[in-house]
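Asker:
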Amino acid sequence: MASSFNSPFCNHLSISTHQHKLTQCNKITRPSGNSLFYNNGLTPLRNLGPYGFHSLGAMAYGSTTPKKQMEIVYDPNERIERLEDEVDKEAGLQRLSLFSPCKINVFLRITSRRQDGYHDLASLFHVISLGDTIKFSLSPTKSKDRLSTNVPGVPLDDKNLIIKALNLYRKKTGSDKFFWIHLDKKVPTGAGLGGGSSNAATALWAANQFSGCLASEQDLQEWSGEIGSDVPFFFSHGAAYCTGRGEAVQDIPSPIPLNTPMVLIKPPQACPTAEVYKHFRLEQASAADPLILLEKISKSGISQDVCINDLEPPAFQVLPSLKKLKQRVLAASRGRYEAVFMSGSGSTIVGIGDPEPPQFIYDEEDYQDVFVSEARFLTRPEKHWYTKPISYTDECYQEGGEHKRKN
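With the working numbering applied, the sequence shown corresponds to residues -4 to 402, in that order.
#1: Would you identify the three-state DSSP class for Thr268, choosing helix, strand or coil?
#2: Touching or not, the segment 172 to 186 and the segment 146 to 153, by the rule of three or more beta carbon pairs under 8 Å?
#3: Please classify Gly44 as buried or exposed, where buried requires at least 16 other C-beta atoms within 10 Å of its C-beta.
#4: Taking a contact to mean a Cβ-Cβ separation below 8 Å, would you say Leu103 touches Gly339 in this structure?
#5: Under the DSSP definition of a beta bridge, which residues are partnered with Leu116?
#6: Can you name, in chain order, every residue of its own chain whose Cβ lies under 8 Å from the Cβ of Arg323, other than the five neighbours on each side?
#7: Looking at the C-beta of Lys139, does it have a partner C-beta in chain C at a distance below 8 Å?
#8: Can you find the residues in the same chain that come closer than 7 Å, C-beta to C-beta, to Thr382, ignoring five residues on each side of it along the sequence?
#9: What did DSSP end up calling Thr197 once you bin it into helix, strand or coil?
#10: What does DSSP give as the partner residues of Gly346 in its beta bridges?
#11: Taking C-alpha atoms, which residue in Ser211, Leu163 and Asn194 lies nearest to Gly126?
#12: Tell me the rounded alpha-carbon separation between Gly207 and Ala198.
#13: For Ile385, does the count of other Cβ atoms within 10 angstroms reach 16, so buried, or fall short, so exposed?
#14: Which of helix, strand or coil does DSSP assign to Thr374?
#15: With a threshold of 7 Å on Cβ separation, who are the neighbours of Lys261 within its own chain once the five nearest residues in sequence on each side are excluded?
#16: Mark Gly87 as exposed unless 16 or more other C-beta atoms lie within 10 angstroms of its C-beta, in which case mark it buried.
#17: Taking buried to mean at least 16 other C-beta atoms within 10 Å of its own C-beta, is Ala326 buried or exposed?
#18: Give the single residue among Leu277, Ser92, Asn100 and Arg90 whose Cα lies nearest to the Cα of Gly259.
#19: Taking the alpha-carbon of Gln312 as reference, which of Lys273, Val301 and Gly330 has the nearest alpha-carbon?
#20: Would you call the segment 224 to 244 in contact with the segment 169 to 178, where contact means no fewer than 3 C-beta pairs closer than 8 Å?
#21: Based on the DSSP secondary-structure assignment, which residues constitute the bridge partners of Leu133?
#22: For Gly36 and Pro252, what's the separation of their Cα atoms in angstroms?
#23: In this structure, what does DSSP give as the bridge partners for Tyr236?
#24: Under 8 Å, with one C-beta from each stretch per pair, do the segment 113 to 120 and the segment 367 to 382 reach the 3-pair mark?
#25: According to DSSP, what are the bridge partners of Pro96?
#26: Hey, Thr144 and Lys180: beta-carbon distance below 8 Å or not?
#27: Please state if the CB of Ala310 and the CB of Val335 are separated by a distance shorter than 8 Å.
#28: Pick helix, strand or coil for Lys62, following the three-state DSSP scheme.
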C-alpha cells in the first residue's frame, strides 16, 4: 500500500510498505546541519539539502526489522499548481498560459487582383513549433486591459492585435472581462511568419475560455477575419489550404510529416507587406496550379519545385540582400535542404530538411545579427489549443548582438 503526508519541504512523500500499515504520519521537521532525523516509527532519513530526502528504509510500528524501501518524491511546482487548480475550481478560471505558434507558407500563389485593391491568393499554410507564450490573468478592474512584453518596440495599446482581439470578443459576446496579459515574444516581427496574427487568435481563444466558451470555434474563426487576413487560419488544426485574402480556410490533414525539420533565417531588416505588394506584378507570377502543388506535396512531399512564392521577386526588390541570402543558403546547402524559400511577404528564409543553418551564417560578420531558429511542423487536437512540443526547444538567445540557437 502507499500513504502520503505533507512537509514544509516536500510536496508529496510516497511511502510503500507492502503488508505493513503505518498507523500514524507526522510532519517532518527540518533538522539542523546535515544530520539524520526521524519521523515516528520510521528509520532515519538523510537530509540531502533544503528539499531532498533519501530513505534508508521503512519500519512498521512495533517492528525492529526494516521492510521495503520507501521512495520520496519532490516536485517543487506540484503543490503550487495543485493549490492554483483548487482556487480556480472555487473561483472560476483566473489564469491561463497559452502557446502562440507562428506559421510558414509552404507555397504562396497570387492568383488575381481584386476590385477592393487586395489580391486573391492560394497558399498552403502550416503552423510550426516556433512561438510566443502569452499569459492571461483576470483583471480586478472592469475597464481596461493591461499588456506587458519582454521586447521593446511592441505596441502595448489597442494597436496590438492582442488588445484588438479582446475588444472584438467583448463586442461580439457582451463579456465584461478584462485582462492582464504578458507576451513572452520569441517570433520576430516583420518576418512573414504571422506572429501577430497568431497572438490575436490565441487571445480570442483565451477570452472564450475565461467566459465559459460562449462562442464556438467557428464563431471565433469568422470573427477573427475582422482583425486580419491571416488570423482565421490559426483556428484550423494546423494545416490549411487558404484562398481569398487568406481568410477562406480549408482545414486539411497535414500533408507533411510533423517531424520534418527546418531552419528559419531572418535578417534584421523587415519586408513591409504593403511595400512588397506595391512592387508585385501579376504577369510575373508563376503559372503553377496551386491545387496541383498541394497534390504533389501530399503525394511526394516537399521539394524545391513546389515551394513557390510569388512574393519573392517583389520582396527581393524591396530588400535585395534577402535575394542574396536565399541564393547563398541554396548554394551552401549541398543537398541538405529539400527546399529553400521565403515565407509570406518576408523576410524569413526557410530551409526544409535540416535544422542547422549553413556555417556562413555563424562565421561571417554580415550575418551576425540574423535571427536563427529550428522548427518542426505542428498541429492541434480537436477542441484544444496548440501546445509546444515537449521534445523541442525553439528558444534563441542573443549574445553580443548575435541570435543563436541554444545547443
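Glycine included, every Cβ here is placed at the ideal spot set by N, Cα and C.
Answerer: Quick look at the numbers:
#1: DSSP places Thr268 in helix when its eight states are reduced to three.
#2: Taking one beta carbon from each stretch, the segment 172 to 186 and the segment 146 to 153 have 3 or more pairs nearer than 8 Å; the two touch.
#3: With a pLDDT of 37 at Gly44, under the threshold of 50, the predicted position of this residue should be treated as unreliable, though the coordinate-derived value follows. Gly44 is classed as exposed because its beta carbon has fewer than 16 other beta carbons within 10 Å across all chains shown.
#4: Yes, they are a contact pair.
#5: According to DSSP, residue pairing for Leu116 in a beta bridge involves Ile105.
#6: Around Arg323: Pro353 and Phe355.
#7: Among the protein chains of the structure shown there is no chain C, as only one such chain exists.
#8: For Thr382, same chain residues with a beta-carbon under 7 Å away, outside a window of 5 residues either side, are Phe94 in chain order.
#9: If DSSP states are grouped into helix, strand and coil, Thr197 belongs with the helices.
#10: Beta bridge pairing from DSSP links Gly346 with Val258 and Val335.
#11: It is Asn194 whose Cα lies nearest to the Cα of Gly126.
#12: Looking at the two C-alpha atoms, the distance is approximately 14 Å.
#13: Answer is exposed; the Cβ neighbour count stays below 16.
#14: In the structure shown, Thr374 adopts coil according to DSSP, grouped into three states.
#15: Correct list, in chain order: Pro183, Ala186, Ser342, Thr343, Val365 and Phe366.
#16: Exposed: under 16 other Cβ atoms inside 10 Å.
#17: With fewer than 16 Cβ atoms within 10 Å of its Cβ, Ala326 is classed as exposed.
#18: Before going further, note that residue 259 is Leu rather than Gly in the sequence given. When Leu277, Ser92, Asn100 and Arg90 are compared, the shortest CA-CA separation from Leu259 is found for Asn100.
#19: Proximity to Gln312 across Lys273, Val301 and Gly330 peaks at Lys273, based on C-alpha coordinates.
#20: Counting Cβ pairs under 8 Å, fewer than three are found: no touch.
#21: In the DSSP assignment, Leu133 is bridged to Phe174.
#22: Only weak support exists for where Gly36 lies, its pLDDT of 36 falling under 50; the value from the coordinates is given anyway. Pro252 has its alpha-carbon roughly 56 Å from the corresponding atom of Gly36.
#23: Answer is Leu119 and Gln245, bridged to Tyr236.
#24: When C-beta atoms of the segment 113 to 120 are compared with those of the segment 367 to 382, fewer than three pairs fall below 8 Å, so the two segments do not count as touching.
#25: DSSP output for Pro96 lists Gly126 as bridge partner(s).
#26: Closer than 8 Å, so yes.
#27: Not closer than 8 Å, so no.
#28: Only weak support is given to the placement of Lys62: the predicted model assigns it a pLDDT of 43, under 50, and the question is left unresolved by the model.
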